[in-house]
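Here is the structure we will look at, set down as C-alpha cells.
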Amino acid sequence: MGALGYNIFADMYGCDNVLDDVEYLRGVMKEAAIKGNMSIVRTIFHRYETHGVTGVVIVKESHLAIHTWPEYSFASVDIFLCGTKSNPYEALKYIELKLRPKKVYTHSIERGMAIEYERIK
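One rule links them: number in our numbering = place in the sequence shown (from 1) + 5.
Written out as C-alpha cells, the structure reads:
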C-alpha cells in the first residue's frame, strides 16, 4: 500500500494583478478542481478588508486552498488529495495559467504512509 494522500505546495511569485479579486480566484480554483478530475462539494472564500484572499475548495477527494498577498504579488496554493483518480498537477497547471506567476516553487509530500499506519495500529 502507498500513501493515504498527497499534498502539493506551490509558492507563486510575481502573479498578475488578480490576487484581490475574490470572485475571479473562486472561479479559477473551482475550474482547477474540475481540470484535476475532482468532485466539488463546497467553496469558502474570504477577501480581507485591507487586501488579500483566502479560499478553499472542498472536494470529495480532500481540498484545494489559496492564500494571496497582492501587495507582494504572491500566492500560496495547497492541494491535498486522497485516492488516485484525480490529477493534482493538472489542477496546479491551470492555476499557474490563470495567475501567470513569474516564478513558482513547488514541493510535494506523501501523507499517511500505510506502513506507518499499520505500525501505529
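Cβ coordinates follow ideal geometry from the N, Cα and C atoms, glycine included.
Pair within 9 Å by beta-carbon distance, residue i and residue j
| i | j | result |
| --- | --- | --- |
| G57 | R31 | no |
| V64 | I45 | yes |
| V33 | Y99 | yes |
Selected residue, minimal CA-CA separation from residue i, among the options
| i | options | result |
| --- | --- | --- |
| L104 | N12, E115, M17 | M17 |
| D25 | V82, D83, L102, R52 | R52 |
| A8 | T89, S81, S67 | T89 |
Nearest-angstrom Cα separation, counted from residue j out to residue i
| i | j | result |
| --- | --- | --- |
| L86 | E115 | 10 Å |
| N42 | L102 | 17 Å |
| V109 | V23 | 16 Å |
| E95 | E36 | 11 Å |
| F79 | C20 | 6 Å |
Cβ shell of residue i (< 6 Å), same chain only, five flanking positions each side left out
| i | result |
| --- | --- |
| H112 | F14 |
| D83 | F14, A70 |
| N12 | F85, I114, R116 |
As assigned by DSSP and simplified to three states, the class of residue i
| i | result |
| --- | --- |
| Y53 | coil |
| K108 | strand |
| L24 | coil |
| L86 | strand |
| G10 | strand |
| E115 | strand |
| G32 | helix |
7 Å CB neighbourhood of residue i in its chain, flanking five on each side removed
| i | result |
| --- | --- |
| P75 | L24, D25, H56, G57 |
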